[in-house]
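Reviewing the structure listed below.
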Amino acid sequence: MYTSFYGFKAKPFQLSPDPSFFFGSKGHNRAMAYLEYGLAQAEGFIVVTGEVGAGKTTLVRNLFRQLEPEKIVAAQIVNTSLDSDDTLRMVAAAFGLPLAQGNPGKTPVLVALEKFFRQCEQQGKRALLVVDEAQNLSPQTVEELRMLSNFQGDNKSLLQTFLLGQPEFRKTLLGNDMQQLRQRITATYHLGPMDRAETKSYIEHRLKTVGWGGNPGFDEEAFDAIHQYTGGIPRRINALCDRLLLMGYLEKLQHFGVSEVNEVIRDIQQEFDAVEVEAGLLSGDKTSPLKEEQFAIGLEEMSNRIAKLEETVVSLMGLLKQILSLADVNKRLR
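Going by my numbering, the sequence shown opens with residue 312, and the numbers climb by one from there.
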């Protein structure tokens with residue numbers, strides 16, 4: 312599709328997090344510094360929050376890429392809409408621990424985890440748990456995670472935990488039942504959006520990562536429009552730029568200005584309206600802005616539609632080649 316048209320090695324604006332595309336904006340570099348500081352401290356909890364699509368998961372994957380496996384054993388859990396017992400079992404599974412078949416109770420899971428953490432300590436390693444989507448954790452589950460930090464060895468916790476979540480998780484931490492956890496948090500950071508200059512640099516960085524040499528080009532006004540619409544949120548930028556490049560391929564464009572960006576934005580807004588109607592999310596005002604969760608749903612829907620459109624275009628191109636080939640054969644037979 313547009314990757315071959317523009318000479319790219321891969322899609323520069325895929326929605327799934329990829330550490331090879333990591334862009335060190337001021338906010339992302341500072342968040343990475345907090346995570347690295349937490350690793351150096353080797354204890355306590357580090358909390359990083361940010362809007363949907365701000366780049367929290369990419370941060371974690373970039374961090375994992377830098378870890379030394381002979382020193383740190385890391386695991387990540389994402390499905391946090393579970394009760395406390397299921398979450399403990401998921402933590403054990405994330406570290407690769409074999410559990411009894413069926414539904415083992417909490418006690419054997421805790422015993423297995425403590426044994427594993429102590430084995431790591433004996434091997435000169437530390438255990439690191441990263442919990443994504445922490446805003447979905449119940450207070451009881453957060454308390455279970457805190458209790459895991461009670462496993463001690465050499466005056467330090469055998470497990471260190473990073474909690475990543477959306478902004479509402481900060482409110483959760485302010486609850487009266489979170490006092491003990493707050494005492495164990497060594498650092499917190501909120502990952503905000505990128506400014507206009509960083510948005511432009513982010514786009515160019517991702518393009519250069521896949522071999523961009525200036526084609527297609529972008530007007531400064533195009534960058535202005537992209538930043539204004541996306542608010543400097545990486546996932547939104549990816550979605551918009553992916554659609555922009557697809558339009559460029561279909562219309563054989565070598566340059567993008569503000570008019571092309573606005574045309575794609577209108578298409579996206581129409582699709583979001585359709586998603587809202589289908590999901591029953593409209594309250595009678597089609598001009599009301601999407602909530603973050605609704606925006607994420609729209610992005611997934613849009614990504615699926617793009618994929619289907621690409622498949623359709625490829626199929627049509629193949630069919631066209633067959634028709635042209637048959638026409639050529641018929642011409643020779645005449």
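Where a beta carbon is used, it is the ideal one built from N, C-alpha and C, also for glycine.
For residue i, the three-state DSSP class (helix, strand or coil)
i: A321; result: coil
i: T510; result: helix
i: P600; result: Note that P600 scores 47 on pLDDT, short of 50, meaning its location in the model is unreliable and no value can be drawn from it.
i: F529; result: strand
i: I608; result: Any answer about I608 is weak, because its pLDDT of 48 lies below 50 and its placement is not dependable; what the coordinates show is given next. Of the three classes helix, strand and coil, the one that applies to I608 here is helix, per DSSP.
i: A536; result: helix
i: T391; result: coil
i: F332; result: helix
When the options are compared against residue i, the one with the closest alpha-carbon
i: D578; options: H566, Y540 and L410; result: Y540
i: G338; options: G568, I544, Q580 and Q491; result: I544
i: A365; options: F427, S327, Q387 and M401; result: S327
i: S449; options: K426, D394 and T418; result: D394
Residue i - partner residues in DSSP beta bridges
i: K517; result: Inspection of the sequence shows that residue 517 is occupied by Arg rather than by Lys. BP columns for R517 are empty, so no partner.
i: Y345; result: DSSP output for Y345 lists no bridge partner at all.
i: V384; result: A438
i: A445; result: According to DSSP, which records beta bridges pairwise, A445 is partnered with nothing at all.
i: G464; result: K467
i: L502; result: G361
Continuous alpha helix (DSSP H) stretch holding residue i: start and end
i: F480; result: E479 to L484
i: L556; result: P545 to L561
i: V359; result: Run containing V359: none in the alpha helix (DSSP H); it sits in the beta strand (DSSP E), F356 to G361.
i: L421; result: K417 to Q433
i: N373; result: K367 to Q377
i: P450; result: P450 to L459
Unbroken beta strand (DSSP E) run spanning residue i, endpoints
i: A438; result: R437 to V442
i: Q471; result: L470 to G476
Neighbour-count burial assignment, residue i, 16 or more Cβ in a 10 Å radius
i: N549; result: buried
i: D465; result: exposed
i: P323; result: buried
i: T483; result: buried
i: V422; result: exposed
i: H566; result: exposed
i: R341; result: exposed
Any C-beta of chain B under 7 Å from that of residue i
i: G543; result: This model lacks chain B altogether; it includes just one protein chain.
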